[in-house]
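With numbering that gives the first Met the number 0, the residue at position 33 of the sequence shown is 32, and numbering never jumps.
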Amino acid sequence: MAMPIAGSPFSLERFRVLTYNVHRCLGTDRRYSPDRIAEVIGACAADVVALQELDAGRKRSGGSHQAEQIASTLGMASLHYHAPVEREGERYGHALMTRAPSRLIREGLLPGRSAWRQL
0 MAMPIAGSPF
10 SLERFRVLTY
20 NVHRCLGTDR
30 RYSPDRIAEV
40 IGACAADVVA
50 LQELDAGRKR
60 SGGSHQAEQI
70 ASTLGMASLH
80 YHAPVEREGE
90 RYGHALMTRA
100 PSRLIREGLL
110 PGRSAWRQL
């Protein structure tokens with residue numbers, strides 16, 4: 000029988016991981032909406048969420064930090080954002096967010112690939 004981990008919001012009976020390429024928060028209707036992305040993620044009730052293709056400080060998305068906005072809307076305990084692409088203060092990358100507190104051990108690029116190929 001699975002036992003819960005003391006002090007953890009996770010259950011060993013149900014642990015959900017979600018990965019989602021959000022395409023800079025543009026829907027199939029071409030509407031920009033980080034809140035709508037957060038709504039879709041929230042409906043999945045995931046414990047760990049991995050997101051790809053997020054803007055941070057980019058003009059095309061109003062300078063917002065999409066990962067921070069989504070994590071805040073969802074009430075996530077931890078957010079780790081890595082941007083392999085950065086130009087003139089505009090960043091484009093990935094995020095990992097969790098319902099329970101977590102800490103970053105290491106981040107970096109994969110060997111042998113350009114930054115754009117790692118998105």
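C-beta: ideal position from N, C-alpha, C; glycine also.
For Asp-34, which option in Arg-59, Arg-98, Glu-67, Met-96 has the closest C-alpha, if you only look at C-alpha atoms?
-> Here residue 34 refers to the residue found at position 35 of the sequence shown. Among Arg-59, Arg-98, Glu-67, Met-96, the Cα nearest to that of Asp-34 belongs to Glu-67.
Under a Cβ-count criterion, where at least 16 other Cβ atoms within 10 Å of its own Cβ denotes burial, should Ile-69 be classed as buried or exposed?
-> Locating residue 69 in the sequence shown gives position 70, where the first residue counts as 1. Flag for Ile-69 reads buried.
Among the residues of its own chain, which have a CB less than 7 Å from the CB of Ala-45, if the five just before and after it don't count?
-> What you label residue 45 is simply residue 46 of the sequence shown in a count that begins at 1. The answer, listed in chain order, is Arg-15, Val-16, Leu-17.
Grouping DSSP H, G and I as helix and E and B as strand, with all else coil, what is Pro-110?
-> Here residue 110 refers to the residue found at position 111 when the sequence shown is read from its first residue. In this structure, DSSP gives Pro-110 a state outside helix and strand, which the three-state scheme calls coil.
Should Leu-95 be labelled buried (16 or more other beta-carbon atoms within 10 Å of its own) or exposed?
-> Taking the sequence shown and counting its residues from 1, one reaches residue 95 at position 96. By the neighbour-count rule (16 or more Cβ atoms within 10 Å), Leu-95 is buried.
In or out: Asp-28 buried (at least 16 other Cβ within 10 Å) or exposed?
-> For the purposes of this step, residue 28 is taken as residue 29 along the sequence shown, with counting starting at 1. So Asp-28 counts as exposed.
How big is the Cα-Cα spacing for Cys-43 and Leu-73?
-> To locate residue 43, count along the sequence shown from 1; it is residue 44. To locate residue 73, count along the sequence shown from 1; it is residue 74. Answer to the nearest angstrom: the Cα atoms are 11 Å apart.
Can you tell me which of the three DSSP states Val-39 falls into?
-> Numbered from 1 along the sequence shown, position 40 holds the residue referred to as residue 39. The answer is helix: DSSP assigns Val-39 an H, G or I state.
Reference Lys-58; option with closest CA among Ile-36, Arg-23, Leu-50, Ile-40 = Taking the first residue of the sequence shown as 1, we reach residue 58 at position 59. Ranking the options by Cα distance to Lys-58, first place goes to Arg-23.
For Thr-97 and Glu-89, the rounded distance between their alpha carbons = Your numbering for residue 89 matches position 90 in the sequence shown. Your numbering for residue 97 matches position 98 in the sequence shown. Going from the Cα of Glu-89 to the Cα of Thr-97 covers about 25 Å.
Residue burial classification, Pro-83 (beta-carbon count within 10 angstroms, cutoff 16) | Here the question's residue 83 lines up with position 84 in the sequence shown. By the neighbour-count rule (16 or more Cβ atoms within 10 Å), Pro-83 is buried.
Label Leu-109 either buried or exposed according to how many other C-beta atoms from any shown protein chain fall within 10 Å of its C-beta, with 16 as the threshold for buried.
-> Taking the first residue of the sequence shown as 1, we reach residue 109 at position 110. Looking at its Cβ environment, which holds fewer than 16 other Cβ atoms inside 10 Å, Leu-109 is exposed.
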